[in-house]
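First residue of the sequence shown: 1, per the UniProt record's numbering; consecutive thereafter.
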Amino acid sequence: MTVLQVVQAPAAVLGAAGKTVDPLAADIVQLATDLVDTMRVSPGCVGLAAPQVGVGAQVFAVDVTGHPKARTVHGTLVLCNARVVEASQWQKGREGCMSVPDLTGDVKRANRLVVAGQLPGTGEEIEITTDAFEARALQHEIDHCSGLLFLDRVAGAHAVYARKVYL
Numbered sequence: 001m002t003v004l005q006v007v008q009a010p011a012a013v014l015g016a017a018g019k020t021v022d023p024l025a026a027d028i029v030q031l032a033t034d035l036v037d038t039m040r041v042s043p044g045c046v047g048l049a050a051p052q053v054g055v056g057a058q059v060f061a062v063d064v065t066g067h068p069k070a071r072t073v074h075g076t077l078v079l080c081n082a083r084v085v086e087a088s089q090w091q092k093g094r095e096g097c098m099s100v101p102d103l104t105g106d107v108k109r110a111n112r113l114v115v116a117g118q119l120p121g122t123g124e125e126i127e128i129t130t131d132a133f134e135a136r137a138l139q140h141e142i143d144h145c146s147g148l149l150f151l152d153r154v155a156g157a158h159a160v161y162a163r164k165v166y167l
């Protein structure tokens, strides 16, 4: 098991779009495993993207299993070069981030979502149709791969809050 250090804003890697990757490359397959390992040992973490561990690549892991806000759950998802195919039913919701540990914010995101991406290790192209909290988590991680933080999506300073609970 390899646990990686999570970088925090204002680290430059968090503001730069990650490079597309070869999902068959050994270093990308290892990165995918390390992202899941790091996510698993981080309390309250439901997603982690490569830029959050200092790697400018389009790879992320998401798992909302057991989260009280989750409706649709696909288990552990690790995707390379993911993109939103369809998005609808936009809703505002509170988000936090391991790379911005002291703040949360209200972000408007699609509540219904179709995401396409490649599986590390096989390169298989898959599509995931989801909703609610899992859709929010996927969009949050895709944003990380594009060099965006949730703070880039809040409506303004009035929608940013000091974190009250640390998990």
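Glycine included, every Cβ here is placed at the ideal spot set by N, Cα and C. Since the model is a prediction, treat every value here as computed from it, not as a measurement.
Sorting 62, 14, 12 by C-alpha distance to the C-alpha of residue 32 places 62 at the top.
About 5 Å separates the CB atoms of residue 23 and residue 123; that is less than 8 Å, so the two are in contact.
Under the Cβ criterion (8 Å, minimum of three pairs), the region 124-132 counts as touching the region 63-80. Annotation: the continuous beta strand (DSSP E) that includes residue 77 extends over 77-97.
The beta strand (DSSP E) runs of length 3 or more contained entirely in the region 89-167 are, from start to end of the chain, 100-118, 125-131, 160-162. Close CB contacts of residue 118 within its chain, under the 6 Å cut and outside five residues either way in sequence, are with 23, 80, 81, 125 (chain order). Between residue 9 and residue 88, the C-beta gap is not smaller than 8 Å, which leaves the two residues out of contact.
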